[in-house]
Structures are given as C-alpha cells and as structure tokens.
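S.K.: I'd like to ask you about the structure that follows.
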Amino acid sequence: MSNAALDIRLLGPDDYALVNAAEEIFDDRPIAKQTHAFLNSDRDFLWLALIDGQPVGFASATIVLHPDKSPHLFVNELETRDGFRRRGIATRLMRTVQQHGKANGLWPIWLAAEGDDDRAIAFYRSLGDMEERGAVVFEWE
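For the sequence shown, the positions run 7 to 147 when our numbering is used.
This is the structure in structure tokens:
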C-alpha cells in the first residue's frame, strides 16, 4: 500500500465502470442488469475502497424493513483484494458502514459469517464493539 491514501467511496448510479474495474474482488463477474439495479436502489449500498484509483476492497449493505422494527442495515459482503489484506482496509470499510448506519437511523447493523470462515470470524471479533450471537443459517440453493 506504500504511502498512498485510501479513499472509501459510496457508489451511485454513475459508477457502473468502477464496479466493473473491481471485478476481481467479487466472487463472480458483475452482472450488468444486477449492477445497474443495485447502484440505482435506494435500499442497497456499495462502498468501494480505492488506492490511487485502483479498487482494493468493498462492502455492500442493504436496508432491512419490517413492520415492527426500525429500518436497519444488513451487511451483505465485505472483501479486500489479495495482496491488500491486513492493512486496515476492511476495518475502514466496516467503520464507514457503521457511520452511515448511525447517521441515517439504520440501526442496528448486523451480518452473518459462515461458521467455518475462521478469517472472517477473527476479523469481526477484532473490531471489538460488535456483539457475537450464536446463529444457525439455512439456505436453499
């Protein structure tokens, strides 16, 4: 990372090219229709971490609504590009999500880590201000 400044940017409808530039950070190649819908959504957020204009990480979150609860944020995914891990990028991304949630009344913020993802679990524990709850996640695939 050298001495280059880290910039965290909340993407919007005009940032389609930035998502494509971050392709290698995502699990799969961004799908055009999904990317446009996500970037144009009022309930979905994508923060991109950039160093010298190069995408090095991202966090995405979605507003969750329910009749008997205040709106809150669910963190969909957090990722840092290979070669840029353990440099504080993921921490900065999560703190940015946290600030956005608090500033916009989207609280609490929650996420799930897969039980065998030791790296993710260790990272979230390292943040220190999150409550860890036991949970079982079920998924149809």
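All residues carry an ideal CB built from backbone N, CA and C; glycine is no exception.
Which whole-angstrom value is the C-beta distance of W116 and H78, which I expect to be below 8 angstroms?
M.R.: The count along the sequence shown starts at 1 and reaches residue 116 at position 110. The count along the sequence shown starts at 1 and reaches residue 78 at position 72. Confirmed, Cβ separation roughly 7 angstroms.
S.K.: Just how far apart, CA to CA, sit D50 and L17?
M.R.: Reading the sequence shown from its first residue, position 44 is the one you call residue 50. Reading the sequence shown from its first residue, position 11 is the one you call residue 17. The alpha-carbon atoms of D50 and L17 are separated by roughly 10 angstroms.
S.K.: In three-state terms, what does DSSP make of R15?
M.R.: The sequence position of residue 15 within the sequence shown is 9, counting from 1. Looking at R15 - three-state DSSP - the assignment turns out to be strand.
S.K.: Contact defined as beta carbons within less than 8 angstroms: I believe I127 pairs with A119. What is the distance between those atoms, to the nearest angstrom?
M.R.: For the purposes of this step, residue 127 is taken as the residue at position 121 of the sequence shown. For the purposes of this step, residue 119 is taken as the residue at position 113 of the sequence shown. Indeed they touch by this definition, with Cβ atoms about 5 angstroms apart.
S.K.: Less than 7 angstroms between C-beta atoms, sequence neighbours within five positions excluded: which residues of the same chain meet that for I14?
M.R.: Sequence index remark: in the sequence shown, residue 14 carries index 8 (1-based). So the qualifying residues of the chain are W53, A55, R98, L99, T102.
S.K.: Helix, strand or coil for A38? Go by DSSP, reduced to three states.
M.R.: In the sequence shown, residue 38 corresponds to position 32, counting from 1. In this structure, A38 counts as helix in the three-state DSSP scheme.
S.K.: Anyone know if the C-beta pair for A10 and I57 falls short of 8 angstroms?
M.R.: Within the sequence shown, residue 10 is the residue found at index 4, counting from 1. Within the sequence shown, residue 57 is the residue found at index 51, counting from 1. Cβ distance < 8 angstroms, so A10 and I57 count as in contact.
S.K.: Only counting runs of 3 or more residues, tell me where the beta strand (DSSP E) segments fall wholly within the region 42-87, in order along the chain.
M.R.: Runs found: 50-57, 60-72, 75-86.
S.K.: Tell me where the alpha helix (DSSP H) around I95 begins and ends.
M.R.: The residue given as residue 95 occupies position 89 in the sequence shown. Run containing I95: 95-109, per the alpha helix (DSSP H) assignment.
S.K.: Any idea if V143 is buried or exposed, counting beta-carbon neighbours within 10 angstroms, 16 or more meaning buried?
M.R.: In the sequence shown, the residue the question calls residue 143 occupies position 137. Per the 10 Å Cβ criterion, exposed.
S.K.: Residues in its own chain within less than 7 angstroms of P19 by CB, not counting five upstream and five downstream?
M.R.: By one-based count along the sequence shown, residue 19 stands at place 13. Only L45, N46 meet the Cβ criterion.
S.K.: For G107, count the other beta carbons within 10 Å of its own beta carbon; 16 or more makes it buried, fewer makes it exposed. Which is it?
M.R.: By one-based count along the sequence shown, residue 107 stands at place 101. Buried, because 16 or more other Cβ atoms sit within 10 Å of the Cβ of G107.
S.K.: With R87 and G111 assumed to form a contact (beta carbons below 8 angstroms), what rounded beta-carbon distance in angstroms separates them?
M.R.: Taking the first residue of the sequence shown as 1, we reach residue 87 at position 81. Taking the first residue of the sequence shown as 1, we reach residue 111 at position 105. Going by Cβ atoms, the distance from R87 to G111 rounds to 32 angstroms, so no, they are not a contact pair.
S.K.: With 16 other CB atoms within 10 Å as the buried threshold, where does A65 fall?
M.R.: Taking the first residue of the sequence shown as 1, we reach residue 65 at position 59. A65 is buried by the Cβ-count criterion.
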